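Student:
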Amino acid sequence: MNRVVHPIEEESYRRLRARLDTSHFPPLTRAVVERVIHSAADLAYADDLVMDEGELAAAHAALHGGAPVVVDVEMVGAGITRRETVCRLRDAVAGPGLTRSAHAIRLAFEEVGPGALWVIGNAPTALEELLTLDADPALVIGLPVGFVGAVESKAALRASGLPAVSNVSEKGGSAVAAAALNALLYHPVSHPEESS
Ligand SMILES: C/C1=C2N=C(/C=C3N=C(/C(C)=C4\N[C@@](C)([C@@H]5N=C1[C@](C)(CCC(=O)O)[C@H]5CC(=O)O)[C@@](C)(CC(=O)O)[C@@H]4CCC(=O)O)[C@@](C)(CC(=O)O)[C@@H]\3CCC(=O)O)C(C)(C)[C@@H]/2CCC(=O)O
Numbered sequence: 001m002n003r004v005v006h007p008i009e010e011e012s013y014r015r016l017r018a019r020l021d022t023s024h025f026p027p028l029t030r031a032v033v034e035r036v037i038h039s040a041a042d043l044a045y046a047d048d049l050v051m052d053e054g055e056l057a058a059a060h061a062a063l064h065g066g067a068p069v070v071v072d073v074e075m076v077g078a079g080i081t082r083r084e085t086v087c088r089l090r091d092a093v094a095g096p097g098l099t100r101s102a103h104a105i106r107l108a109f110e111e112v113g114p115g116a117l118w119v120i121g122n123a124p125t126a127l128e129e130l131l132t133l134d135a136d137p138a139l140v141i142g143l144p145v146g147f148v149g150a151v152e153s154k155a156a157l158r159a160s161g162l163p164a165v166s167n168v169s170e171k172g173g174s175a176v177a178a179a180a181l182n183a184l185l186y187h188p189v190s191h192p193e194e195s196s
């Protein structure tokens, strides 16, 4: 995607790189780490985020091949401005032992089926629910925030073996999760003829 980068964003990246050497990260990992840090102004994410370059490469191809993108809450979708997203929170209802966010994940899976990219930035219960489904995701960006359940749900994501972007701490949030997806959206698609 050809994107015109605003001078303020350019300056933000210049200052970020002056304070943190990210050059040792492989390309997609670097793109995600930098965009998350850029969105949160929090350099500590460099040691907190967990991801795998090979999984990112496969997810990047799926994303640019048209795989659907599902988000847990509208706030995450609002941050992903260059791609349509699926969010079923408005249709969801809370029940005994079920948050609206978790129900929304069930509804979204019924809509999109396997192979989607899932972006969870708010609700730990949404991530927990996703892990109970046979969703065969292209990627799970699991970056819910908070004191209750966020750390545990992200640890469960890592233990699941699914392709994932997560972090170890209580930090996260809608803007950070949207930024991680945007990093993959903005990263150029290389064509075989360009590398020969
Ligand atoms: C427990 C919940 C937490 N919410 C957090 C932080 C924020 N949530 C905002 C908003 C507007 C929404 N949060 C809901 C998702 C709502 N939040 C919850 C739930 C009660 C349970 C989720 C869970 O534990 O997994 C959840 C309701 C539900 O039944 O699922 C939201 C749907 C509530 C609503 O309006 O009905 C709503 C989502 C709106 C959307 O679609 O975008 C905040 C903006 C609230 C605020 O002003 O404080 C904020 C946004 C943070 C962000 O970056 O996303 C926590 C901190 C994640 C908290 C988790 C537990 C904790 O540790 O406190």
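Per UniProt numbering, residue 1 is the first one in the sequence shown, and the count goes up by one each step. All C-beta atoms in this analysis are idealised placements derived from N, C-alpha and C, irrespective of residue type, glycine included. Note that this is a predicted model, so its numbers are computed, not measured.
1. Determine which residues share a DSSP beta bridge with residue 164 and list them.
2. Residues in the same chain with beta-carbon distance under 8 Å from residue 38, minus the five sequence neighbours each way, listed in chain order, please.
3. DSSP three-state label for residue 8, please.
4. What's the gap between the Cα of residue 2 and the Cα of residue 158?
5. Alpha carbon to alpha carbon, what distance is there between residue 52 and residue 99?
6. Would DSSP call residue 194 helix, strand or coil?
7. Identify the continuous beta strand (DSSP E) that holds residue 120 and give its terminal residues.
8. Ignore the nearest five residues each way along the sequence and tell me which others in residue 174's own chain have a CB closer than 7 Å to its CB.
9. The beta strand (DSSP E) that contains residue 70, what's its start and end?
10. Tell me which residues share the same chain as residue 87 and place their Cβ nearer than 8 Å to its Cβ, disregarding the 5 neighbours each side in the sequence.
11. Under 8 Å Cβ to Cβ from residue 94, same chain only, skipping five residues before and after it: list those, please.
Tutor: To lay it out plainly:
1. 140
2. If we look at residue 38 and ignore the five residues flanking it on each side, its Cβ neighbours are 9, 12, 13, 16 and 179.
3. DSSP places residue 8 in helix when its eight states are reduced to three.
4. 33 Å
5. One C-alpha to the other measures close to 30 Å.
6. A caution first: residue 194 carries a pLDDT of 49, below 50, which makes its placement in the model unreliable, though a value can still be read off. Residue 194: helix per DSSP, three-state reduction.
7. 117-120
8. These residues qualify, in order along the chain: 73, 75, 76, 79, 121 and 122.
9. 69-71
10. 70, 71, 72, 73, 74, 76, 77, 104 and 108
11. 100 and 103
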